[in-house]
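All remarks here apply to the structure that follows.
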Amino acid sequence: MQWLAVALYGDAILSPPSGTGLAHVGSTACINYAMSKNAQVPRIFEKLNRFNVPVWSLLFNFVVGMIMFLPFPGWSELVGFISSAVILSLAFGPVSLAALRYQVADLKRPFRLPFGISFSAISFVFVGYVVYWTGWQTNWKVLLTVPIGLIVLTLARITSSETPPPLNLRESILLWPYIAGLGAVSYLGSYGKGLGLLSEGVAMTVITIFSLAIFALAIKLRLPDEQARNFVNNE
72 MQWLAVALYG DAILSPPSGT GLAHVGSTAC INYAMSKNAQ VPRIFEKLNR
122 FNVPVWSLLF NFVVGMIMFL PFPGWSELVG FISSAVILSL AFGPVSLAAL
172 RYQVADLKRP FRLPFGISFS AISFVFVGYV VYWTGWQTNW KVLLTVPIGL
222 IVLTLARITS SETPPPLNLR ESILLWPYIA GLGAVSYLGS YGKGLGLLSE
272 GVAMTVITIF SLAIFALAIK LRLPDEQARN FVNNE
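The opening residue of the sequence shown carries number 72 in our numbering; numbering runs sequentially from there.
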């Protein structure tokens, strides 16, 4: 099995810069560019060079990437942080799909997913599971990025020369109890230096009930159907 170990090490060295790394460098720069267009981050990230590349976004992401090595001295800690952050960001997908089933139920689409709302609810619950399994030692750092992002968003909107789009605070208000709830269960749980006050079964039960409650309330607090249809029609 020595050859397999060598192959795995080779893949770990070559894959990030040649495949995944390049894909993420380009995609994250474009995300910053799009967020700048929506007045969610400073306007400087909209600037393109003569090759139409958002160079300031690339430089910013490089600096942030270097800074991320400071609180994560080991590879496993960094991977855990990235995994938890990515999974947490995916929580909005199931909620959006379920909400759209009510808002634009008659929308013509080439693919129709059966039991879409049920699959969305299950997916939302599993997001909570994965975040919990990542452990408190990593999750407190992930959850800390949410208020930091809110500060950046506020500064971008204040300094914007144009009228920024509405934030729809009523529809997004459940983000805060959701983040706080996952953080509390993670802190009381047994993974990643948590207090260990919750057994595995109790923690899973709490996350399941809590996630389903947040999911149901998020659907209830969705954007008005007419407003959602206008967004879809303008795309």
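Just so it is clear, CB atoms sit at the ideal spot from N, CA and C, and this is done for glycine as well. None of the values given here were measured: they were computed from a predicted structure.
7 Å or more divides the Cβ of S155 from the Cβ of V217.
The beta carbon of A299 sits closer than 8 Å to those of A170, L171, Q174, V175, R293, all from its chain and outside the five residues before and after it, given in chain order. Counting C-beta atoms within 10 angstroms of its own C-beta, V150 has fewer than 16 neighbours from the protein chains shown and is therefore classed as exposed.
Taking all protein chains shown into account, N123 has fewer than 16 neighbouring C-beta atoms within 10 Å of its C-beta and is therefore exposed. Just so you know, the alpha carbons of I278 and V256 end up roughly 8 Å apart. Along the region 162–193, the alpha helix (DSSP H) occurs as fully enclosed runs of 4 or more residues at 163–174, listed in sequence order. A direct Cα-Cα distance of roughly 26 Å separates S128 from T209.
Here Q298 carries a helix assignment [DSSP, helix/strand/coil]. Between the C-alpha atoms of K118 and T234 there is a straight-line separation of about 19 Å. By the CB criterion at 7 Å, G199 and Y262 fall outside the cutoff. Annotation for R228: the continuous alpha helix (DSSP H) segment containing it runs 207–230. In the three-state reduction of the DSSP assignment, G81 falls in the helix class. Ranked by how close their Cα comes to the Cα of S191, the residues P165, L215, K179 have P165 in first place. Inter-segment contact for the region 220–234 and the region 274–291 is absent: fewer than three beta-carbon pairs are separated by less than 8 Å. Between the alpha carbons of V196 and L184 lies a gap of roughly 19 Å.
Here DSSP, grouped into helix, strand and coil, assigns F122 to coil.
A227 sits buried, since 16 or more C-beta atoms from the chains shown fall within 10 Å of its C-beta. In this chain, the alpha helix (DSSP H) harbouring P248 covers 246–259.
Close CB contacts of P142 within its chain, under the 7 Å cut and outside five residues either way in sequence, are with K212 (chain order). For G252, the closest of I153, I280, A287, I115 by C-alpha to C-alpha distance is I280. Between I285 and L245, the gap from beta carbon to beta carbon is short of 7 Å. For E233, no alpha helix (DSSP H) segment is defined, and its DSSP state is neither H nor E.
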